[in-house]
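Residue numbers (the numbering used here): 669 to 870.
We treat Cβ as the ideally placed atom computed from N, Cα and C, and that holds for glycine.
Working notes, structure below.
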Amino acid sequence: MSFIQNQAREYSTELAEERGVFPNYKGSRYDRPGGRGLRNATVTTIAPTGTLSLIADCSSGIEPLFALQYTRRALEEMEFQITDPLFLELGEREGFVSQALIQSLHEGASLKDLPQIPQPIKELFVTTFEISPLWHIKIQAAFQEYTDNAVSKTINFPRDATKEDVKEAYMMAYRERCKGITIYRSGSKAKQVLACGTKQVC
């Protein structure tokens, strides 16, 4: 992210030479003796990309996998069962994927509890509920350091998360200098966009 930030600022400097600095530049933190001007007060952000990544068939950025098999709801009545395509591709190539495995994942099984899954696969396909809020926030903070605006990132809490858990996440995000934080406690809405596990595991 530091490369993107540096390149964006470099181009903003070039634009400032052509068109002038942004309004309110004078007296801003960028207004330094001998410094080069900037056309833009901010040049980087990390926007929400959940739906866009599905449409573009690509990664959703710094978010971990929500689940290997989950239900996505759209337009109130529509539901889609989604199985991670890279997991399927690798599973077919390595010979461990089956309908029984997909059904287990649909019911909320974790790869770490399935003995037929090779250990390197378990380590590769870690999902959001298997990552502690502490590490969700640490990765967000690492990107925030090189991002002018806020970083969109959701910290998914399990159904049994407490107010104290949520408070600690907010306080840690503040201490780590994140400009924003989003949390979602599974099951806190009657109908949620993403759901996994028919046994209400997430």
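With 16 or more other CB atoms across the displayed protein chains lying within 10 angstroms of its CB, R707 is buried. For A742, the enclosing beta strand (DSSP E) begins and ends at 737-742. When DSSP reads this structure, F825 sits in a beta bridge with R853. In this structure, the straight-line span from the alpha carbon of G705 to that of E813 is close to 21 Å. A863 sits in a strand when the DSSP states are folded into three classes.
In this structure, the beta-carbon distance from A829 to R845 does not fall below 8 Å. Counted as a single uninterrupted DSSP element, the beta strand (DSSP E) harbouring M746 occupies residues 746-751.
Per DSSP, K694 is not a residue of any alpha helix (DSSP H), being assigned neither H nor E. Shortest Cα-Cα distance from E731 to any of V689, P801, G702 involves P801. With a beta-carbon spacing of about 6 Å, L756 and V765 fall inside the 8 Å limit used to define contacts.
Here DSSP, grouped into helix, strand and coil, assigns L779 to helix.
Contact annotation: I805 and A841 have beta-carbon atoms nearer than 8 Å.
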